[in-house]
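> If you use full-length UniProt numbering, the sequence shown corresponds to residues 1 to 273, in order.
Each residue gets a CB set at the ideal place from its N, CA and C atoms; glycine is no exception.
Below you'll find the structure I mean.
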Amino acid sequence: MRELSGKVAVVTGAASGIGRALALRFAAEGMTLMLADVDHGGLAETAALAGDVEVLTQITDVSDAWAVRHLANRCFGELGAVHVLCNNAGVFQGGHMWTRDEEDFSWLLGVNLWGVLHGVHEFVPRMIEQDTEGHIVNTVSVAGLFASPGSGGYSVTKYAALAASLSLAQDLTATGSKLRVSALCPGAVRTRIGDSDRTRPAGLATTPTADEVESREWVSRAAERGMEPSEVAGLVVTGIREERFLLLTDPRYAERLREQTETLLTGSLPGYQ
Ligand SMILES: NC(=O)c1ccc[n+]([C@@H]2O[C@H](COP(=O)([O-])OP(=O)(O)OC[C@H]3O[C@@H](n4cnc5c(N)ncnc54)[C@H](O)[C@@H]3O)[C@@H](O)[C@H]2O)c1
């Protein structure tokens with residue numbers, strides 16, 4: 001989809017980080033916005049920063065199917081169409097695989113995987129029916145391409161989000177749809193991802209373990225040194241215009257992916273970085 005101006009974009013996780021940068025970039029392209037998040041204050045800030053374009057906001061917990069259905073109802077009801085859907089909301093939690101509780105996996109899977117699946121289920125049928133060009137961008141991560149120690153729970157959800165993106169793209173292609181899909185796989189980006197616990201529901205809280213704290217601190221430090229969210233948003237807009245499926249923020253990940261495949265095919269465990 002080359003022309004974005006005048007079209008409608010939906011962004012989840014729009015109160016902070018990559019989601020906010022996507023919203024502001026889409027606004028700069030002249031798009032109408034529907035911004036969703038669980039963080040009311042951050043959402044209002046993003047809306048204020050967006051400038052003159054039409055912006056609607058909706059408090060939405062993407063792990064809740066009914067909340068995402070309500071979001072879709074508002075989009076199609078009040079804005080009349082959706083052309084770009086960014087299933088971007090996500091949370092990080094680290095720690096070794098064997099120290100994670102069911103609550104940890106429930107939270108991570110709820111936001112990072114069910115958030116994507118709910119977005120697909122509630123928006124895509126109506127985007128198909130709309131019969132216009134359209135694009136779905138799922139924010140995955142390099143953690144959906146490579147596993148590393150201390151990020152197992154997160155990686156499980158991101159590998160699954162990549163599988164969801166690939167499967168969605170294959171289904172749309174097989175049915176001759178005008179819709180396209182991108183899987184956004186950033187490395188470290190300067191956001192609040194290391195402080196994801198700020199939105200964790202009390203009902204899914206667990207007591208931090210030393211390995212979990214260490215992973216979280218590592219991710220926070222990596223994010224501080226990471227690329228700017230606005231650069232990622234630029235990559236996404238190019239990806240939409242050029243209809244690219246896999247969006248990597250660093251070309252070295254392509255080489256690493258090749259090396260990983262070759263190592264796996266020898267029967268060995270890939271190294272990590
Ligand atoms: N920052 C990085 O280094 C990095 C790298 C790879 C992938 N990602 C992915 O990028 C996406 C955006 O994260 P970010 O880095 O901008 O972090 P961030 O913490 O700055 O922003 C995440 C946003 O998601 C929102 N959110 C959390 N739970 C939610 C829920 N249940 N429903 C709706 N919104 C919810 C938060 O309130 C926040 O506004 C995530 O999917 C993350 O996994 C980030």
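1) Do N87 and G115 count as a contact pair if the criterion is CB distance below 9 Å?
2) What's the call for D37, buried or exposed, on a 16-neighbour Cβ count within 10 Å?
3) Does the contact criterion of 3 or more C-beta pairs under 8 Å hold for the stretch 106-121 versus the stretch 156-173?
4) Any chance the CB of Y159 is under 8 Å from a heavy atom of ligand 1?
5) Between the Cα of V111 and those of T99, D61 and V236, spot the shortest distance and give me the residue it belongs to.
6) If you measure from the CB of T252, is any heavy atom of ligand 1 nearer than 8 Å?
7) R190: beta carbon under 8 Å from a heavy atom of ligand 1?
8) Under 8 Å from any heavy atom of ligand 1, does the C-beta of N73 make it?
9) Report the residue from P251, A174 and S5 whose alpha carbon sits nearest the alpha carbon of M31.
10) Taking 8 Å as the cut-off, does the CB of S182 come closer than this to any heavy atom belonging to ligand 1?
11) How many angstroms separate the CA atom of W218 from the CA atom of A50?
12) Is the closest heavy atom of ligand 2 to the C-beta of A163 under 8 Å?
13) Can you tell me the Cβ-Cβ gap for residue 275 and G239, rounded? I've got them flagged as a contact below 8 Å.
14) I believe T46 touches R20 by the beta-carbon criterion, under 8 Å. Please report the beta-carbon distance rounded to the nearest angstrom.
15) Between F26 and ligand 1, is the CB less than 8 Å from at least one heavy atom?
16) What residue range is occupied by the uninterrupted beta strand (DSSP E) comprising T57?
17) DSSP three-state call for G42: helix, strand or coil?
Inspection of the coordinates gives the following:
1) yes
2) Buried is the call here.
3) yes
4) no
5) Checked all of T99, D61 and V236; the closest Cα to V111 is D61.
6) Reading the sequence as shown, one finds Arg at residue 252 and not Thr. Result no, Cβ not under 8 Å from ligand 1.
7) At least one heavy atom of ligand 1 is nearer than 8 Å to the Cβ of R190, so yes.
8) no
9) S5
10) no
11) 32 Å
12) Among the ligands present in this structure, namely ligand 1, ligand 2 is not found.
13) For the chain, the structure presents residues 1 to 273; residue 275 sits outside this window and is missing.
14) 5 Å
15) no
16) V55 to I59
17) helix
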